[in-house]
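Chemist: Mind looking over this structure? Questions follow.
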Amino acid sequence: MIRPLLLAIPLALLAACGDGKDGTAITLNADGADGNVVASIDSNGQMALNAPGISGSIKLPAIKLDAGDFDMNGVHLYPGSTISGMNIDGHDRPGRDDDGQVKVSFESPATPATVRDWFAGKLGGAGFKVSPNGSGLAGTTEEGKPFRLDLSPVGGDKARGTILIG
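Counted the way mature numbering (1 follows the signal peptide of the UniProt record, and there is no 0) counts, the sequence shown spans residues -15 to -1, 1 to 151.
The structure is reproduced here in structure tokens:
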């Protein structure tokens, strides 16, 4: 599991290179039989990697991920959303009974109720089991993993959200 994740990060970062303004912060923490891997890129484009046998940092253009850059079983974020942070915690070590967790922080150009209702319809159609949970949703993915969407208002017509899978 660690090697594919290591390869995916630089490719995703290069594919999403932006204009250097207000980038998306991404962190990856994966442990496996080969050891622990920690990789991150901050909102300014500073990338750091610490893995068995390799460590270092490099300055890249800041990246900005948006609605089309995140996919949950074919469902992207609400149209026009931007991602402020993505944290991936993966496990592939014998004796662990969980695969880890993905947390995505985003902002959408609609009210929390509009975003919640949109997600409820799209995720339900993609095999998720979802039910209302406060201003968001809770349930399970099509694979039976726990899922939660938390939303809060930002001004009168925007929502700030967090998706937690695993």
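Using N, Cα and C, we set each Cβ at its ideal position, and we do this for glycine too.
Return helix, strand or coil for THR99, following the three-state DSSP convention.
Modeler: Walking along the sequence shown from the start, residue 99 turns up at place 114. Residue state, collapsed to three classes: helix.
Chemist: Measure the Cβ-Cβ separation of ILE68 and LEU13 and say whether it is below 8 Å.
Modeler: Translated into the one-based positions of the sequence shown, residue 68 becomes position 83. Translated into the one-based positions of the sequence shown, residue 13 becomes position 28. Against a cut-off of 8 Å, the Cβ pair of LEU13 and ILE68 comes out as no contact.
Chemist: Give the C-beta separation of ALA47 and ASN35 to the nearest angstrom, bearing in mind that I take them to be a contact with Cβ-Cβ under 8 Å.
Modeler: Counting from 1 along the sequence shown, the entry for residue 47 is found at position 62. Counting from 1 along the sequence shown, the entry for residue 35 is found at position 50. About 21 Å; that fails the 8 Å criterion.
Chemist: Going by C-alpha distance, which of GLN31, ASP51, LYS49 and PRO37 is nearest ILE43?
Modeler: For the purposes of this step, residue 43 is taken as residue 58 along the sequence shown, with counting starting at 1. That would be GLN31, whose Cα lies nearest to the Cα of ILE43.
Chemist: Using the Cα positions of GLY110 and GLY119, report the straight-line distance between them to the nearest angstrom.
Modeler: Along the sequence shown, one-based indexing puts residue 110 at 125. Along the sequence shown, one-based indexing puts residue 119 at 134. Roughly 21 Å separates the two Cα atoms.
Chemist: So, under 8 Å CB-CB, PHE91 and LEU62 are touching, yes? Tell me the CB distance rounded to an integer number of Å.
Modeler: Within the sequence shown, the letter at position 106 stands for residue 91. Within the sequence shown, the letter at position 77 stands for residue 62. Going by Cβ atoms, the distance from PHE91 to LEU62 rounds to 6 Å, so yes, they are a contact pair.
Chemist: Using DSSP's beta-bridge definition, name the partner residues of GLU92.
Modeler: Within the sequence shown, numbered from 1, the residue matching residue 92 stands at position 107. Its beta-bridge partners are THR67 and ARG145.
Chemist: For the beta strand (DSSP E) holding ILE43, just list the boundary residues, first then last.
Modeler: As a first step, residue 43 is located in the sequence shown; it is residue number 58 there, counting from the start. Note, ILE43: beta strand (DSSP E), 39 to 44.
Chemist: Run through DSSP, which three-state label would ALA105 get?
Modeler: Residue mapping note: residue 105 aligns to position 120 of the sequence shown, counting from 1. In the structure shown, ALA105 sits in a helix (DSSP, three-state: H, G or I).
Chemist: Between GLY41 and the rest of its own chain, which residues show a CB-CB distance below 7 Å, the 5 nearest in sequence each way excluded?
Modeler: Counting from 1 along the sequence shown, the entry for residue 41 is found at position 56. The answer, listed in chain order, is LEU34.
Chemist: Given a threshold of 16 other Cβ atoms within 10 Å of its Cβ, counted over all protein chains shown, does GLY8 qualify as buried or as exposed?
Modeler: What you label residue 8 is simply residue 23 of the sequence shown in a count that begins at 1. Buried, because 16 or more other Cβ atoms sit within 10 Å of the Cβ of GLY8.
Chemist: Verify whether the separation of the beta carbon atoms of ALA15 and ASP27 is less than 8 Å.
Modeler: Looking up residue 15 in the sequence shown gives position 30. Looking up residue 27 in the sequence shown gives position 42. It is not a contact, given that the beta carbons lie outside the stated cut-off.
Chemist: Going by Cα to Cα distance, which pick from GLY151, LYS143 and PRO94 is closest to residue 155?
Modeler: In the structure as shown, the chain begins at -15 and stops at 151. Residue 155 is therefore absent and cannot be evaluated.
Chemist: So GLY20 is in the beta strand (DSSP E); what residue range does that whole segment cover?
Modeler: Sequence index remark: in the sequence shown, residue 20 carries index 35 (1-based). DSSP places GLY20 inside the beta strand (DSSP E), whose first and last residues are 20 to 26.
Chemist: What is the DSSP secondary structure of ALA52, counted as helix, strand or coil?
Modeler: Here residue 52 corresponds to residue number 67 of the sequence shown, with the count starting at 1. It is helical.
Chemist: Cα-Cα, which of SER25, VAL23, ASP84 and VAL100 is closest to ALA52?
Modeler: Translated into the one-based positions of the sequence shown, residue 52 becomes position 67. The option with the nearest alpha carbon to ALA52 is VAL100.
Chemist: For GLY106, which residues of its own chain have a beta-carbon under 8 Å away from its beta-carbon, when the five flanking residues on both sides are left out?
Modeler: Here residue 106 refers to the residue found at position 121 when the sequence shown is read from its first residue. The answer is none, since no qualifying residue turns up.
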